[in-house]
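Novice:
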Amino acid sequence: MNEHKWTVRDPDILGGTPVFAGTRVPAQTLVDYLEGGHSLEDFLDDFPTVDRRQAIGVLELLKQVVMAQPA
């Protein structure tokens, strides 16, 4: 099992899809919500098992990945 503070990737949970730790909610769902024009609040309301800190933590990780890319 590969995990860090905000997400877990386990072959026994949704085939290894990264999910928010302690849930079965794929992290990709947050990205899909935001891309679809929904707010973070909408996502948190619809997925109450995901903590605000987890969602923001995943967004911070994504930001780090984007910022690390060469221009």
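In our numbering, the protein residues as written are 245 to 315. Cβ atoms here follow ideal geometry from the backbone N, Cα and C, with glycine treated the same way. Predicted, not measured: the structure shown is a model, and the values here were computed from it.
(1) Quick one: what's F264 bridged to in DSSP?
(2) Between the Cα of R268 and those of G281, G280 and V294, spot the shortest distance and give me the residue it belongs to.
(3) Just tell me which of A315, L303 and M311 has its CA closest to the CA of V275.
(4) Would you list, in sequence order, the uninterrupted beta strand (DSSP E) runs of no fewer than 3 residues that lie entirely inside the region 263 to 311?
Specialist: With the structure as the only source:
(1) Against the sequence shown, residue 264 aligns to sequence position 20. DSSP, once it has assigned bridges, lists T251 as partnering F264.
(2) By one-based count along the sequence shown, residue 268 stands at place 24. Measuring from the Cα of R268, the nearest candidate turns out to be V294.
(3) The residue given as residue 275 occupies position 31 in the sequence shown. Answer by Cα proximity: L303.
(4) With a minimum length of 3 residues, there is no unbroken run of beta strand (DSSP E) contained wholly in the region 263 to 311.
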